[in-house]
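Worksheet: one structure, shown below.
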Amino acid sequence: MFWQKNQCRFAVSRTNSLLFARFIEFGYPAFMTEPTLFHKIVSGEIPCDKVYETDEVLGFKDIHPKAPTHILFIAKKEEHFVPSIMDITDETHHVTCMLIRAAREFASKQGIEGYKLSFNCGAKGGQEVFYLHLHFMSQESL
Ligand code: AMP
22 MFWQKNQCRF
32 AVSRTNSLLF
42 ARFIEFGYPA
52 FMTEPTLFHK
62 IVSGEIPCDK
72 VYETDEVLGF
82 KDIHPKAPTH
92 ILFIAKKEEH
102 FVPSIMDITD
112 ETHHVTCMLI
122 RAAREFASKQ
132 GIEGYKLSFN
142 CGAKGGQEVF
152 YLHLHFMSQE
162 SL
């Protein structure tokens with residue numbers, strides 16, 4: 022069993038090794054097998070207050086805003102799904118840029134001149150929903 026585990030570990034590509042090693046050690050975590058809240062928002066199963074949308078990114082108001090404008094940006098496509106910043110690989114690192122560019126475009130279109138962007142990373146970093154999302158907060162109102 023120990024030997025098999027290590028065989029698997031060395032067989033995976035470098036970029037996915039951390040994620041796969043985690044699966045080998047602990048099994049698939051719940052957030053990888055069950056749709057998260059944000060999967061349900063993307064599919065329309067749960068409604069959201071949408072303020073921005075492209076083919077790839079959705080922006081909607083945070084239900085418990087911590088600033089006059091508090092928006093969450095998420096990637097829509099399944100191939101761009103990443104649970105957390107800690108799970109980003111060489112294949113998915115561009116997803117963070119997609120979200121930041123969407124936030125910048127949103128601010129520009131809304132005439133918002135100052136804002137804060139943040140990712141909560143992992144449960145100990147305050148992350149509650151394990152579907153990568155960018156918090157956009159501004160003291161300016163929409
Ligand atoms: P995080 O703590 O970084 O995982 O952020 C998750 C965010 O999702 C929190 O700020 C919540 O207020 C927000 N949230 C939870 N449920 C909803 C919902 N149904 N619609 C919009 N935002 C939500």
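Quick note on the numbering used here: the sequence shown kicks off at 22 and runs consecutively. Where is the CB? At the ideal position from N, CA and C, for every residue including glycine. Note that the structure is a prediction, hence the values are computed from the model and not measured.
Distances between the C-beta of E149 and the heavy atoms of ligand 1 include at least one below 7 Å. For the 8 Å CB-CB criterion, L153 and P104 form a contact. Per the C-alpha coordinates, the member of E77, E149 and G132 positioned closest to V116 is E77. In the DSSP assignment, E126 falls within the alpha helix (DSSP H) that extends over H115 to Q131. With fewer than 16 neighbouring CB atoms inside 10 Å of its own CB, L163 falls in the exposed class. For G80, the pairing in a beta bridge is given by DSSP as Y73 and F94. Annotation: H101 to E161 spans about 30 Å, alpha carbon to alpha carbon. Taking C-beta separations shorter than 7 Å and ignoring five residues to either side along the sequence, the partners of C69 in its chain run I62 and F81, following chain order. Exclusion of the five residues before and after I67 leaves L58 and K61 as the residues of its chain whose Cβ lies within less than 7 Å of its Cβ. A straight line joining the alpha-carbon of Q148 with that of F94 spans about 14 Å. In the DSSP annotation of this structure, H156 is not part of any alpha helix (DSSP H); the continuous beta strand (DSSP E) holding it starts and ends at H154 to S159. Taking C-beta atoms as the reference points, H114 and M158 fail to come closer than 8 Å. According to the DSSP assignment, L163 belongs to no beta strand (DSSP E), since it is labelled neither H nor E. With a beta-carbon spacing of about 6 Å, A124 and L155 fall inside the 8 Å limit used to define contacts.
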